[in-house]
Every structure is written in structure tokens, then in C-alpha cells.
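A quick write-up on the structure given underneath.
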Ligand code: NAD
């Protein structure tokens, strides 16, 4: 069935890919973001370039739509989210509470909120060889300061809007998303894109934040978008992980990127830089139960087009010959 769908954050990495996917599926799509997509033009039927911290803009964005994918957020890599706690938390709280209220007032059918693995308590993530995080591990709470606390609070707000107002909410906890057509420079990029850029530009050596033994799992953006659409269509309202269980250390991630690039490089570790929690992985038991599906693309496979896209961008910008 053809639906009318709003994607906020449509000028950003995942939002851009989600709009393209929803258009391919035949829906009418409105994008909203404070900025246009950076690399390719949007395929949305309508694009509102607005600040979603403002309630009136949220009302305009949610008018006459069946579903909302609320991805807009002030976010970036670990350097960015640890640098300005007050601004990030304030900006995101304003976006999310206003978007929920506007969706309720405009009688939106379903509202999906994109949370993060950053909501999980730090005491569960203190060693590299860590157990996968289950949804119920979120409490007692001790999330990432600023960004993680705000995500957890907004998860709760979704629950309250469902309980008090019957708004059909979905809450997805992403674990590190990567892929082409995303920020790879300037401070807002995340580890896979930053490492692809560094490897592409390096002759002998690349710098790595921390000792590189910290672990994560990484999900390709095509899997991310597939999971979003499936979760929106499901009946599952409680928060749910969306990530892979393929945990690698940052040193291993560098090796995988070097393999894709056909390069051998020395690693220079800078332990003065922020590195986030020591170990993090997704436990997909609930995801498999709910969807009968989980992300399929292995890191070794997904990093190849990501690396080559970033390399092409660097060439186009004259930073690489
Ligand atoms: P992104 O930064 O590329 O996209 C977010 C978009 O929100 C940006 O285009 C930005 O301009 C927009 N935005 C910020 N403030 C706004 C405002 N006031 N009004 C309107 N638009 C505004 O990030 P992304 O990687 O595409 O992430 C999408 C969502 O997924 C975010 O909510 C993010 O917190 C969440 N998430 C992402 C990851 C990941 O690995 N990429 C991991 C966990 C959670």
C-alpha cells in the first residue's frame, strides 16, 4: 500500500538512504532537515528545510502523513558527542519532544524513534571481550553523558506517548552504522568513515584513537534501512537493538579497511583521544524473535564500497591524486 511518510534527518546519512528506499518502494515521501543532503540530491517528493527544535516546524512536517521516521539529531562521532554535552542534549530533547507532540496533534499513525547503543550502561561495557547487550540491560541506567542520556529520556517519552495518548511508537537502538554517501571528514564522521579516509590518504602510517583494542559491531546502512522498514511494519513497541553481532576491535577494523584498499600501514595509537566505552556488541536475540531477520552484510563485504566511495570523494576534492 502506498503511504505518505515523513523522514526527519533526511539531509543526513541514514535519512538520505531511507528516503531513497521508501521512494523505491513506491511511497510518497516528505523529507525534513535543517540542511540539504551534502553529497547527492534528495529523492523525496517534498523537502522542508527547517529547524525541528521549533514546534511550528514539527507541526508543518507531520501534517497529513501516515508514518514518521524521526531520525533528526545533533550527533557525530565520539569526539563530537563528548565535546558539547549541554548543546547536544538540549537540541535533541527539543527535537524529540516537539516531534512527538506534533505527531500526536496531527494524528500520525506510527512514529519511529532512532535511539542508540549509547543508552546502555557504561558498567556493562568495561572490557573489550564484552557480552552482547540485551535490551533489558539498559537499566539501572548509566548511559553515555549528554547524547546517551537524551536518547534514553526520549525512549521513555515514546513510551509515555503510547501509554497516555495511544500514539503507535517504535524505538530502535542502532549499533554503529556505516556505508557510502555519509560524512567522512570535519569531526562529525564516525570511526569507519574516519578510518577509510585516513587509510586512503596514508602512505606509511595512520593514527588511531586509543590503543585500538576497544571493540564494536558495525552495520551497513542498507541493512539499517531494511531493519527500519521491517520494524516500522511490525507490532513491536518496546526498544529493540538494530545492529550486527560481528564484534571487531578498532585495530581489526583498520586491517579490514587496509585489505579493501590493498595497503599495508603501520598503526600509531594516540591514547589521549576519546575512545568511548571499552567494548560493545549487540545481542540480536530479540531482533531475530520479532522480525525473523537480522542484518546480513558482513563488515569485510560492506566496507569495500564504503572505502571506494570515500576515496572517490577525496579524489574529486583534489586531496588525493
Ligand atoms: P546525521 O548527522 O547524518 O543525520 C542527522 C540529521 O539531523 C542531519 O542531517 C542534521 O542536519 C539533522 N538535524 C540536526 N539538528 C536538526 C534540527 N534542529 N532540525 C532539523 N534537522 C536537524 O546522522 P545519522 O548517522 O544519519 O543518524 C540518524 C539517527 O540515527 C540520529 O538520530 C542518530 O542519533 C541515530 N544513530 C545513528 C548511529 C550511527 O551510527 N550513524 C548510531 C546510533 C544512533
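In our numbering, the protein residues as written are 713 to 1033.
Positions of the beta carbon are idealized from the N, C-alpha and C atoms, including for glycine.
Small disclaimer: the values here were computed from a predicted structure and weren't measured.
In this structure, the C-beta of residue 785 approaches ligand 1 to less than 7 Å from one of its heavy atoms.
Here the alpha carbons of residue 953 and residue 996 stand approximately 7 Å from one another.
In this structure, DSSP gives residue 896 a state outside helix and strand, which the three-state scheme calls coil.
Distances from the CB of residue 989 to the heavy atoms of ligand 1 are all 7 Å or more.
The nearest non-hydrogen atom of ligand 1 is less than 7 Å from the C-beta of residue 727. With respect to residue 958, residue 1011 sits close: the two C-beta atoms are nearer than 8 Å. In the structure shown, the three-state DSSP call for residue 771 is helix.
Around the Cβ of residue 904, a 10 Å sphere holds 16 or more other Cβ atoms; the residue is buried. Take the alpha-carbon of residue 754 and the one of residue 932: they are about 20 Å apart. A direct Cα-Cα distance of roughly 54 Å separates residue 819 from residue 980.
For a cut-off of 8 Å, the C-beta gap from residue 929 to residue 994 is around 5 Å, short enough to register as a contact.
In this structure, residue 724 has its beta carbon less than 7 Å from a heavy atom of ligand 1.
Within the same chain, 788, 789 and 792 come within 7 Å of residue 900 by CB-CB distance, once the 5 residues on both sides are set aside. A Cβ-Cβ distance of about 7 Å is found for the pair residue 719 and residue 783, placing them in contact under the 8 Å criterion.
The shortest C-alpha to C-alpha distance from residue 778 to any of 824, 1008, 858 and 987 is the one to 824. DSSP places residue 744 inside the beta strand (DSSP E), whose first and last residues are 740-745. Pairing residue 716 with residue 739, the inter-Cα distance amounts to about 6 Å. Checking the 7 Å criterion, the Cβ of residue 1015 is out of range of every heavy atom belonging to ligand 1. Per DSSP, the continuous alpha helix (DSSP H) segment holding residue 963 begins and ends at 962-973. When C-beta atoms of the segment 827-846 are compared with those of the segment 796-805, fewer than three pairs fall below 8 Å, so the two segments do not count as touching. Excluding residues up to 5 positions away in sequence, 1015, 1016 and 1019 lie with their Cβ nearer than 6 Å to the Cβ of residue 972 in the same chain.
At a cut-off of 7 Å, the beta-carbon of residue 803 counts as near ligand 1: some heavy atom of the ligand is closer than that. It is roughly 14 Å from the alpha-carbon of residue 772 to the alpha-carbon of residue 746.
For residue 867, the enclosing alpha helix (DSSP H) has its first and last residue at 859-877. Across the set 864, 859, 845 and 846, the C-alpha of 864 shows the shortest separation from the C-alpha of residue 853. For residue 755, the shortest C-beta to heavy atom distance toward ligand 1 is 7 Å or greater. Under DSSP, residue 991 shares a beta bridge with 927. Short note on residue 888: C-beta closer than 7 Å to some heavy atom of ligand 1. Counting the other CB atoms within 10 Å of its CB gives residue 935 a total of 16 or more, which places it among the buried residues. Across the set 881, 833 and 767, the C-alpha of 833 shows the shortest separation from the C-alpha of residue 856. For residue 942, the uninterrupted alpha helix (DSSP H) run begins and ends at 933-945, by DSSP. In this structure, residue 956 has its CB at a distance of at least 7 Å from all heavy atoms of ligand 1. Here residue 913 is exposed: its Cβ has fewer than 16 other Cβ atoms, across all protein chains shown, within 10 Å.
Less than 8 Å divides the Cβ of residue 960 from the Cβ of residue 927. Distances from the CB of residue 791 to the heavy atoms of ligand 1 are all 7 Å or more.
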